[in-house]
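> Submitted below is the structure of interest, expressed as structure tokens.
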Amino acid sequence: MTHRIPFSSRGPAGRAQRSSTGAAARWRAHGGLAFALVLAVAPLADAQSSLLHEHFEPDPEEDLRLATTILDGEIPAYLQTPSGMATAPDPRNPPPTRQQIYNNTAGDSSIDSTYEPDRDTRRPNVENYDDPFSPATAPFKRLSAYDAVHPNYTLFVDKKELQLVRVGGALTPGDEPFYGDIGVDLVPNEPVRIPTVGPGSRILRMHVTPPADVTILRDGAENWFVRGTTQARVRLVMQLAIPRATFGSDFADVDWSTLDKHPRQRLPASAAFDEVARAIGISRAIRPQVAVRKMVEYFRDFAPSDDPPRERGDIYLDLALSKKGVCRHRAFAFLVTALHLGVPARMVVNEAHAWIEVFDGTLWHRIDLGGAALNMDQNLDANRPPYVPPPDPYTWPEARDSGQDLAERSRAEQQARSPSGPGGSGNGASSTSAPTPTAPLSATPPTSTLQETTGSRTKVVITSIDKDIQRGLPLHLQGQTTGDAGPCARVRIDVILRSDATPQGTVIGSLSTDERGHYEGAVVVPRDFPVGDHDLIVVTPGDARCAPGRSDTPH
1 MTHRIPFSSR GPAGRAQRSS TGAAARWRAH GGLAFALVLA VAPLADAQSS
51 LLHEHFEPDP EEDLRLATTI LDGEIPAYLQ TPSGMATAPD PRNPPPTRQQ
101 IYNNTAGDSS IDSTYEPDRD TRRPNVENYD DPFSPATAPF KRLSAYDAVH
151 PNYTLFVDKK ELQLVRVGGA LTPGDEPFYG DIGVDLVPNE PVRIPTVGPG
201 SRILRMHVTP PADVTILRDG AENWFVRGTT QARVRLVMQL AIPRATFGSD
251 FADVDWSTLD KHPRQRLPAS AAFDEVARAI GISRAIRPQV AVRKMVEYFR
301 DFAPSDDPPR ERGDIYLDLA LSKKGVCRHR AFAFLVTALH LGVPARMVVN
351 EAHAWIEVFD GTLWHRIDLG GAALNMDQNL DANRPPYVPP PDPYTWPEAR
401 DSGQDLAERS RAEQQARSPS GPGGSGNGAS STSAPTPTAP LSATPPTSTL
451 QETTGSRTKV VITSIDKDIQ RGLPLHLQGQ TTGDAGPCAR VRIDVILRSD
501 ATPQGTVIGS LSTDERGHYE GAVVVPRDFP VGDHDLIVVT PGDARCAPGR
551 SDTPH
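So that you can map any letter, position 426 of the sequence shown is 426 in UniProt numbering, and since no number is skipped, the others follow by simple counting.
Now the structure itself:
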């Protein structure tokens with residue numbers, strides 16, 4: 001059942017009041033033109049209703065008092081994510097003293113950065129890790145990526161030319177929102193390397209403190225740089241978006257011809273690669289999807305060692321065949337193997353971890369090969385919930401040592417040492433029952449279970465929604481998801497606004513279900529959401545137990 005509630009920019013003034021139930025919604029266009037918003041909500045049965053409103057001029061100071069946006073009146077004051085409620089950094093102040101400042105003093109920070117493989121296969125400790133993102137992505141801050149290899153196995157970026165990263169846009173279906181809070185020492189007209197949350201990241205909003213003329217740039221491997229016109233220390237606060245599937249989804253079942261169309265380094269024939277390929281059991285005679293899975297399983301089966309691998313005069317061969325090494329050795333050997341085979345790939349590294357990315361013709365996939373450090377000191381903050389990734393589509397050996405495990409272990413150890421310190425009380429700002437980051441969320445769903453959901457159905461119901469809605473303010477809703485086997489526990493719920501102009505819809509936020517399949521929380525409707533009639537739809541991508549489902553599907 002669909003309910004349409006028209007709105008107009010003409011008529012008597014009205015200030016919205018919130019109700020916990022009802023499909024009808026009226027919208028005071030705070031900070032923009034009042035417009036018609038239509039909510040299509042099933043299975044609620046409220047009668048159609050309408051309310052006329054007067055135009056309100058933007059008032060960022062009021063938004064700040066209401067905790068709806070930060071000082072610039074653009075970046076939302078908080079984001080509801082599948083990992084919980086994230087609170088925006090306050091950009092009115094310069095970078096705090098505890099915050100890492102990114103600059104050009106580090107040897108690997110320039111656009112000409114390279115990576116040299118090594119033979120030290122012992123498991124490291126990480127003393128200090130800087131995570132500028134919320135939800136906290138530790139240890140997967142994307143700082144340096146490499147997509148090409150010299151004959152001597154030095155890694156580099158194939159295309160160093162910098163392209164502009166545009167600021168603007170909105171979340172689209174399947175996107176996940178993040179905040180970025182990055183301190184930078186600008187050098188006039190010189191690019192300074194900064195981290196991102198992952199490949200395909202987009203900047204929706206950005207605020208610079210103190211005000212400065214800056215542009216964000218990226219190279220061919222999607223390394224990000226900031227370039228300014230003056231010398232200054234600035235704080236960049238960003239609202240970011242990235243496809244959630246990047247962090248956990250299957251490599252598409254495409255042909256080799258599809259991958260060959262992607263620009264990448266073409267490597268000559270190599271006897272070392274041939275030997276490694278035979279050990280893994282891969283060639284271009286099998287499907288790329290199968291080859292990627294075999295490579296992931298092979299390199300995840302490495303183990304740290306106090307004894308370096310036996311030397312054969314070829315470090316790639318030594319590491320790949322010995323199956324010794326931590327994260328950086330696995331990622332290096334995977335990259336060389338993938339490039340020789342014809343799979344577009346990158347190695348990504350930061351101060352705590354290394355992993356790989358592979359491209360299937362449509363999407364770059366982040367894949368962790370394990371080999372994480374023993375421990376990691378990170379800055380815990382109750383306003384930055386730990387990131388909860390989608391289920392890992394690849395299997396782990398019995399002695400798994402993933403980056404996600406490292407983050408959860410180090411977080412638990414730090415909270416145990418300081419039970420009342422930052423993060424000790426969890427994410428208290430959210431009314432949503434967000435998933436608890438535990439190992440099962442990263443575990444591989446059994447193939448048979450995934451196949452069993454193909455013919456099943458998931459019922460998505462909205463049981464309550466705000467009756468009065470305003471741009472820039474929270475929209476509260478709750479409901480239930482139920483699959484063939486019962487409640488869909490701990491699945492993501494995307495809240496989408498759809499119109500004739502955007503038939504694919506725009507994700508305005510995400511929630512998570514609890515153990516009973518119940519979801520409840522708030523998402524913020526963007527202040528600049530376009531004028532027009534819109535349908536509100538709630539969608540879940542499902543998981544290994546529950547099939548995808550939509551609230552606008554007849555049940």
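C-beta: ideal position from N, C-alpha, C; glycine also. Here the structure is a predicted model, which is why all the values come from computation and not from measurement.
For the pair the region 170-186 and the region 85-97, tell me if three or more CB-CB distances fall below 8 angstroms.
A contact exists between the region 170-186 and the region 85-97.
> Around the C-beta of Q231, are 16 or more other C-beta atoms found within 10 angstroms, so that it is buried, or is it exposed?
It counts as exposed.
> Do you know whose CA, among D118, G220 and I75, lies nearest V208's CA?
Of the listed residues, the one whose Cα sits closest to V208 is I75.
> Rounded to the nearest angstrom, how far is the Cβ of G370 from that of R411, given a contact under 8 angstroms?
18 angstroms between Cβ atoms; not a contact.
> Going by beta-carbon coordinates alone, are D533 and S499 separated by less than 8 angstroms?
Yes, Cβ-Cβ distance for D533 and S499 is below 8 angstroms.
> Out of S109, P117, L536 and I280, which has the shortest C-alpha to C-alpha gap to A354?
Selected option, being the one with the closest Cα: P117.
> Would you decide whether K261 is buried or exposed? Buried here means 16 or more other CB atoms lie within 10 Å of its CB.
Label assigned to K261: exposed.
> Take N379 as the anchor and find which of E408, A399, S144 and G342 has the nearest alpha-carbon.
Comparing Cα positions, the closest option is E408.
> Is the region 124-143 close to the region 350-365, with three or more CB pairs under 8 angstroms?
With a cut-off of 8 angstroms, the region 350-365 and the region 124-143 count as touching, because enough Cβ pairs lie within range.
> Here's the rule: buried if 16 or more other CB atoms are within 10 angstroms of the residue's CB, otherwise exposed. What is H150?
That one is exposed.
> Does DSSP put T453 in a helix, in a strand, or in coil?
For T453, the predicted structure reports a pLDDT of 41, less than 50, and the residue's modelled location is therefore unreliable. A value from the coordinates is still provided. In the structure shown, T453 sits in coil (DSSP, three-state: anything other than H, G, I, E or B).
> Using CA coordinates, which residue listed in P195, P390 and V524 is at the minimum distance from A544?
With distances taken between Cα atoms, A544 lies closest to P390.
> Count the other C-beta atoms from every protein chain shown that fall within 10 angstroms of the C-beta of A169, then say buried if there are 16 or more, exposed otherwise.
This sequence places Gly at residue 169; Ala is not what is there. G169 is exposed by the Cβ-count criterion.
> Just the C-alpha distance for D112 and Q415, rounded to the nearest angstrom, thanks.
Their backbone Cα atoms lie some 39 angstroms apart in a straight line.
> Between which two residues does the alpha helix (DSSP H) holding L321 run?
Where L321 is concerned, the enclosing alpha helix (DSSP H) stretches over I315 to S322.
> Pick out whichever of R218, A547, L162 and V523 has its Cα sitting closest to the Cα of A485.
Closest option to A485, Cα to Cα, is A547.
> Taking only the alpha-carbon atoms, compute the straight-line gap between F133 and M347 and give it to the nearest angstrom.
Rounded to whole angstroms, F133 to M347 spans 21 angstroms at the Cα level.
> In whole angstroms, what separates the C-alpha of A320 from that of V276?
Rounded to whole angstroms, A320 to V276 spans 7 angstroms at the Cα level.
> So, using beta-carbon positions, are G200 and W364 closer together than 8 angstroms?
In this structure, W364 lies closer than 8 angstroms to G200 by Cβ.
> Per the DSSP calculation, R205 is bridged to which residue(s)?
Partner(s): Q239.
> Would you call the CB atoms of K324 and A291 closer than 8 angstroms?
No, Cβ-Cβ distance for K324 and A291 is not below 8 angstroms.
> State the Cα-Cα distance for the pair L79 and S512, rounded to the nearest angstrom.
If you take the alpha carbons of L79 and S512, they lie about 13 angstroms apart.
> By the DSSP assignment, the alpha helix (DSSP H) with I282 in it spans what residues?
Per DSSP, I282 belongs to no alpha helix (DSSP H) and is neither H nor E.
> Write down every uninterrupted run of the beta strand (DSSP E) in the region 172-226 whose length is 3 residues or greater and which is fully enclosed by it, in chain order.
Listed in chain order, the complete beta strand (DSSP E) runs (minimum 3 residues) inside the region 172-226 are 175-186, 192-194, 202-209 and 214-218.
> According to DSSP, is R409 helix, strand or coil?
Note: R409 maps to helix in three-state DSSP.
> May I have the straight-line CA-CA distance separating T337 from A285, to the nearest angstrom?
T337 and A285: Cα-Cα distance of roughly 15 angstroms.
> Looking only at its own chain, which residues have a Cβ that is under 7 angstroms from the Cβ of K294, when we skip the five neighbours before and after it?
Same-chain partners within the cutoff: I280, G281 and I282.
> Rounded C-beta distance between T215 and L143? I'm assuming under 8 angstroms.
Rounded, the Cβ-Cβ distance is 19 angstroms, inconsistent with contact.
> What does a CB cutoff of less than 6 angstroms around D206 pick up in its chain, not counting 5 residues either side in sequence?
It is worth fixing the name first, because residue 206 is Met in this sequence and not Asp. V167 and M238.
> Hey, V507 and D528: beta-carbon distance below 8 angstroms or not?
The answer is no: Cβ separation not under 8 angstroms.
> For L473 versus L497, is the C-beta distance shorter than 8 angstroms?
Not a contact, by the Cβ cut-off of 8 angstroms.
> What does a CB cutoff of less than 6 angstroms around L204 pick up in its chain, not counting 5 residues either side in sequence?
For L204, where only same-chain residues beyond five positions count, the Cβ hits under 6 angstroms are G169, Q239 and A241.
> Hey, V234 and N104 are a contact pair by Cβ (cut 8 angstroms); roughly how many whole angstroms apart?
No, V234 and N104 are not in contact; Cβ-Cβ is about 14 angstroms, not under 8 angstroms.
> Buried or exposed: which applies to T81, given that a residue is buried once 16 or more other Cβ atoms fall within 10 Å of its Cβ?
Counting Cβ neighbours within 10 Å, T81 comes out buried, since at least 16 surround it.
> On a Cα-Cα basis, can you pick out the residue from T229, D274 and A221 that is closest to E190?
Of the candidates T229, D274 and A221, the one whose C-alpha sits nearest the C-alpha of E190 is T229.
> Let me confirm a value: G313 is counted as buried when at least 16 other C-beta atoms fall within 10 Å, else exposed. Which label applies?
With fewer than 16 Cβ atoms within 10 Å of its Cβ, G313 is classed as exposed.
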